[in-house]
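Trainee: Quick note, our numbering runs 601 ahead of the 1-based positions in the sequence shown. Glycine included, every Cβ here is placed at the ideal spot set by N, Cα and C. Everything numeric in this text was worked out from a predicted model, so none of it was measured. Sharing a structure below in structure tokens format, with a few things to ask.
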Amino acid sequence: MGSGLCSWIILGFFAGLIARAVMPGRQAMGIIATTLLGIGGSFMGGFLASVIRGGSWRFFQASSFIGAIIGAIVLLFIGSMMSGRR
Numbered sequence: 602m603g604s605g606l607c608s609w610i611i612l613g614f615f616a617g618l619i620a621r622a623v624m625p626g627r628q629a630m631g632i633i634a635t636t637l638l639g640i641g642g643s644f645m646g647g648f649l650a651s652v653i654r655g656g657s658w659r660f661f662q663a664s665s666f667i668g669a670i671i672g673a674i675v676l677l678f679i680g681s682m683m684s685g686r687r
């Protein structure tokens, strides 16, 4: 179980970095906020992707990573809309 959690944190960090690079505009976040963004995206998008494809969320697959990036982008978009920045 510990390696599954570590995988989600690492996956979340990279998903957050990619989401910030893809999303237009400036996001004033540090490394911790980027990691938390990616972890939130991982739970949101990665878990949803694993439910749709019927696999386990504990194992890394490309669809989980893509879902995590999409989830992180959605969270960034929601955050920018709530703060009034575009």
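Could you give the DSSP three-state label for methionine 683: helix, strand or coil?
Mentor: Looking at methionine 683 - three-state DSSP - the assignment turns out to be helix.
Trainee: Helix or strand or just coil, what does DSSP make of methionine 630?
Mentor: Correct three-state label for methionine 630: coil.
Trainee: Helix, strand or coil: which one does DSSP assign to glycine 655?
Mentor: Here glycine 655 sits in coil by DSSP.
Trainee: Within this structure, are the beta carbons of glycine 617 and leucine 638 separated by less than 8 Å?
Mentor: Result yes, Cβ atoms of glycine 617 and leucine 638 sit closer than 8 Å.
Trainee: Taking 8 Å as the cut-off, decide whether the C-beta atoms of alanine 620 and isoleucine 670 are in contact.
Mentor: Yes, Cβ-Cβ distance for alanine 620 and isoleucine 670 is below 8 Å.
Trainee: According to the Cβ coordinates, are glycine 672 and glycine 655 closer than 8 Å?
Mentor: It is not a contact, given that the beta carbons lie outside the stated cut-off.
Trainee: If you reduce the DSSP assignment to three classes, tell me which class methionine 624 lands in.
Mentor: Coil at methionine 624, not helix or strand.
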